[in-house]
Every structure is written in structure tokens, then in C-alpha cells.
Amino acid sequence: MEPDSVQRQLSVTIAHIVQRLRGSKLHSELEREARTCLHKSEVRIESLKEDLKDFLRKSGWEKKLQNAVYRELNVLPHPGHPAAPPEHTKESLMYLRRAQRSADEQKELLNKWNEMGTDEPDLSHFRPVYAPKDFLEVLINLRNPNYDGGDPTGLRSSWGLISIPLPVKDLSELRELFAELALNYEQLGIDDSMQIPVELFESEYIRLAQRVLSEQDSAAAQQYIRQGCPTGLRADMWALILNIDNQLEDSLYYEQLKSNVIQHDLLIDNLIYKDVKLTASNDDYYFVFEDYLYQVLLCFSRDTLVLDHFSYSSASPPKSYIRGKFALEDYTVVYPPNGVIPFHGFAMYVAPLCFLYHEPSKLYQVFREMYVRYFFRLHCISSHSSGIVSLCLVFETLVQTYLPQLFYHLREIGAQPLRISFKWMVRAFSGYLATDQLLLLWDRILGYNSLEILAVLAAAVFAFRAENLMEATSLATAEVNEDCALSEDSCGAVGVSLPLRQEAWVQVLSGPEAVLADLSTLKVMPLLQLFLFATSS
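Quick note on the working numbering: the sequence shown kicks off at 87 and runs consecutively.
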């Protein structure tokens, strides 16, 4: 790229970031602090600009501004390409509510705010808008009318389910991206669990984490977490990376969202209740957080700040019409207020965070930032490298290239690998891995600012149990074979006896549906390392 072009892109990016920050909470606080320091004796009129900058630098504001800029760089579509202005306009909540709650209803909901799982509405007539398998069918049917595949026989395109051509990373490029996962790097999730003296590694790594936290540098925190994060420091480290400080204004904003939930009844609330009941409430790890999930997700549905992410998302927020104004464009409003309709499993994006954050307002802020940075890409159709379409292509390419016999075998028995792995990736493996392993995986999502590691892990799972999967004779047996195989090494530890496993086989083979794979005994980091750096090129 020409130097002049690079300079122009840089100038545009800077202008975009300045525009985003101007008028923000940080900008108003910085302006207030600057006015205060004008009365300091060390600030002189003749050198006002330099003295002001020096004062703000010494008082820690330079670091806060640096972290805010770093956050904006992380959410831009790509360097030098500022996001297009959002298509939506912010509407008042009064136009979006389905009905105004009565005073008695408001009081009742407020009283049971911390026990919302005990008295949910009648959900028998509600079902999720769509499930991951429905979304997969949409992706399978995507076609580029200007592309014939470059393969006259059509053999290559017929192997996988995803037919559109997108540039995705091969194994060598993934190795370069995830370089700090190489076998010669120490990793939390491996070295801390080995039966050898590792006290030096752990103590040094914790000391380094404490130093990173003390310096409050988001970029340094993101680099640090690529090798994992100590359990006791993970909440603070993630908050630093996401630039979450949970100040009084943030708590007040959360309380305002809570008030909106109390006052206004939305149809979307029933979808949220239904999703939590169908997923997290039935999960051995997360059922205890049921009330937290309702609180966070109901507030999230009312948060119009979430609409900002549509400026760099390929999707557009759904719209409705004000009652009595149907088909009049001037009277359209975004519905739900945040522009996000939850699918089956949406609650599982929040559930693991409940292990880290016990203060509702901070839990909410962290989830919202995780969603607008990463999770929205898992259920939006786009060509982004972290988008779900690209993840599907990366997964299918890796399995076809390095496990061709397995891929062909599963395809022949009607068990396309993507039909098994898609649900893992679309939920970022939440609800499938043990929580400690999931958090180690999400460490790396934050550290590398990429969701591509989800596709790598999905391929690694297939490689890990390729031998067992080769024995499958149908989609049902493929999934149950994987289920038993993946947990067989730990069956004694978790108390699963051989007769029980045999009974499960009988039930599945005689029943109409297959049992989903059990990944709860997997160790994430060894799988990732072995697949990335021990797989033959």
C-alpha cells in the first residue's frame, strides 16, 4: 500500500476514534479534570498546553485515554476502515413497550427481583425464535452467484456444507496467529496441572499479572492473557482488557435499565425466560445463577447502547411500527430496544461470567462488552474472519485437510462433521466444556481478539477421537460414539460405570434422537497445542 494511502487511512481512523470518544463519559470526566487542574500552581498560562498534558499524564488520565483508544481499535472492522454510521436512530422506550405494567405488577416484580426463577410467566405457548441447527440451514444455502467453485467436477465443493468462497487461514497461518500457544511456551491449563514442580512458573506468572493490573494497561493485559490467566485474577484482568471500570455512573445506568424492566413488559421477556429455562436452568454448572441470568438478559434487552455495535455489524436491528402507524417509515422503531432477538442458547453467553462477577452491574457491563466485541459475530452472517461463516469454513478445511478419511467416512454415513460441531462454535463452547476449561478458552479469545480458536478446538476434538468416530455407522451413533469416547478416560473419576454407558448406547440406538456429545471431560489447552503444533503439515 502506498505511503500516502496509509497516511490517509490513519487520519480517517484517528478522526473516527476522536468522534466516538467525544461526548463519551470519559471525555466529560477528562474535561472536568482539566478544568480542575487549571487552579494548580504548577499550571502556568505561558505553557498551559504542555503543563495540562503533564498533569493529566501524572494523574493517570493518559493511561485511561490509551485504554479507551485501544478499545475502539479492537471493535473497528479492520485498521484504517472506520465503521459506517449506524442505520438506526435511538427511540424512546415508551414506543417500544408492549404494555405498561400496573403499579401492583411493578411492586411485585421489584420484590422478587432476586428470586425471578421461582415465579416466571406461563411459557407453554412460547418457543425459541430459532435454534443453532436452523441457523446452520441458512448458512448451508448461501451461494455466491458469481462463483462456480473453480472445480468443473464439483467434487471439492460437495465435501463440505459451506459453499461460499471466503479467504480463511490455513494451519500455518493459524500457527502464526496463535504463536504463544506453541509447545515451547508455558501455559496455564497445562503447566499448572502437570505432576512436576511448577511453583516457580505459577508464582512468577502471578507476579507478572499483578504488575499488569497495577499498571492498568489494556494492551499489556491482552498480551499477558494469551498464555492464560490465574483464576483469582481473571475477573480483574478481563475487566481491564474490556476497559470496564464500573464507576458510579455505570451502576446508575444499570439501575435505570432495571427500572425499565420493572416498569415495562416486553414480549421479548418471554423468550428470555424460555431460553434460560431450556438451557442454563438444566445445566449442572449454571443452574444456581438462574436469577442473575434473568436480571442481566432482561436489562440487556432494554439497553439502547447495544445498538452501537450495528455500526460495524453486517446485520441491521429489527424494526416495528408504532401502533396505528403501520407501513409508515417515519414511525418505525427498533424492537427489541437493543436490536437483538435471542436464539436458543443465548443465555449461555452470560452463564460462565457469573462465576467471575458477583456484582450485577459489573457482570452486566462485562457481558455487554463481550457481546458487542465477540459474541454477536456467532449469529450474524458476514465475511469477517471471526464470523460464524468463516469459522465453519476454517473447521471444514482443517478436518478435510488433516483428517480426510474421517471427513469422508462421516459424510458418507450422513454425519457431516459441521452438523455436530456447529452448536459448539455458535455458543462459544459454553454449556459443553467444564467451566474451568471454558474460561481458559475464553482467555485466549480475549488475548488474541479472535474467535477463530473456536474452529481450531472443534477440529481438535474430531482429531482427538478420530479412531472412535471411524466406527460410527450413522449420525446418531457418531454423536453417541463421540459422547462415550470423549468421556471414557475419565469415567471412573466422574462415577460413570460401563453398564450405564452401555445402557445409554441401547437407548440411543433404539430412540429417535441421538445423544449430544459430552465434552465436559476434555482438557482444552493440550488439545489446542497438539492440533496446532503437532499436526503434520
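The beta-carbon is built from N, C-alpha and C at its ideal position, and this holds for glycine as well.
Keep in mind the model is a prediction, meaning the values are calculated, not measured.
Per DSSP, cross-strand counterpart(s) of V419: Partner(s): S406.
| query | Nearest to A437 by alpha carbon, out of D369, F481, V161, F429? | reply | Ranking D369, F481, V161, F429 by Cα distance to A437 puts D369 first.
TODO: Note down the Cα distance separating L595 from S507, rounded to an integer number of angstroms.
DONE: Low confidence applies to L595: its pLDDT is 37, below 50, so where it sits in the model is not reliable enough to give any reading.
Exercise. CA-CA distance, V480 and L260?
Worked result: If I take the Cα positions, the gap works out to 10 Å.
Inspect the beta-carbon positions of G533 and I330 and report whether they are closer than 8 Å. No.
| query | Taking the alpha helix (DSSP H) that T483 falls in, what are its first and last residues? | reply | Per DSSP, T483 belongs to the alpha helix (DSSP H) from 474-488.
Residue environment, L447, which counts as buried when at least 16 other CB atoms sit within 10 Å = What sits at residue 447 in the sequence shown is Ser, not Leu. Buried, since its Cβ has 16 or more Cβ neighbours within 10 Å.
Taking the C-alpha atoms as reference points, what is the distance between P612 and A514?
Taking the straight line from one Cα to the other gives about 18 Å.
Exercise for review: Please report how far the alpha carbon of A545 lies from the alpha carbon of Y398, in whole angstroms.
Suggested key: The straight-line gap from Cα to Cα measures roughly 29 Å.
Practice item. Rounded to whole angstroms, what's the CA-CA distance from D351 to N230? Just pull it up for me. Key: Approximately 42 Å between the Cα atoms of the pair.
Review point. With distances taken from CA atoms, which of K360, D220, C385, F375 is nearest S345?
Key: With respect to the C-alpha of S345, the residue from K360, D220, C385, F375 having the closest C-alpha is C385.
(message) To test your reading of the DSSP string, which unbroken beta strand (DSSP E) runs of 3 or more residues are found completely within the segment 287-311?
(response) Fully enclosed beta strand (DSSP E) runs of 3 or longer: not present.
Exercise. Applying the criterion that 16 or more other CB atoms from any shown protein chain within 10 Å of the CB defines a buried residue, is L228 buried or exposed?
Worked result: Answer is exposed; the Cβ neighbour count stays below 16.
To which residues of the same chain is F392 closer than 8 Å at the C-beta, ignoring the five residues directly before and after it? According to the sequence provided, residue 392 is Val. The question's Phe does not apply to it. Counting only Cβ-Cβ distances below 8 Å, and skipping sequence neighbours, we find F386, N424, G425, V426, R454, Y457, V458.
Beta-carbon proximity of Y291 to H430, cut-off 8 Å | No. Outside cutoff.
inquiry  = So, at 6 Å on beta carbons, what are the nonlocal neighbours of Y518 in its own chain, with the 5 sequence-adjacent residues on each side left out?
reply    = Same-chain partners within the cutoff: W510, L605.
Along the chain, where does the alpha helix (DSSP H) that runs through T517 open and close?
The sequence given here has Gly at residue 517, not Thr. Where G517 is concerned, there is no enclosing alpha helix (DSSP H), given that its DSSP letter is neither H nor E.
Q | Option in K193, L540, L524, N535 with minimal Cα separation from Y372 | A | Distances from the alpha-carbon of Y372 to those of K193, L540, L524, N535 put L524 closest.
*asked:* Can you find the residues in the same chain that come closer than 6 Å, C-beta to C-beta, to S469, ignoring five residues on each side of it along the sequence?
replied: L252.
Is P598 buried or exposed, if buried means 16 or more other CB atoms sit within 10 Å of its CB?
Residue confidence for P598 is low, a pLDDT of 20 falling below 50, so the modelled location carries little weight; the figure read from the coordinates is stated next. Counting Cβ neighbours within 10 Å, P598 comes out exposed, since fewer than 16 surround it.
(request) Below 6 Å CB to CB, which residues in the same chain sit around L196 once its five sequence neighbours on both sides are set aside? (result) When the five nearest sequence neighbours on each side are left out, the beta carbons in the same chain lying within less than 6 Å of the beta carbon of L196 are those of I348, in order along the chain.
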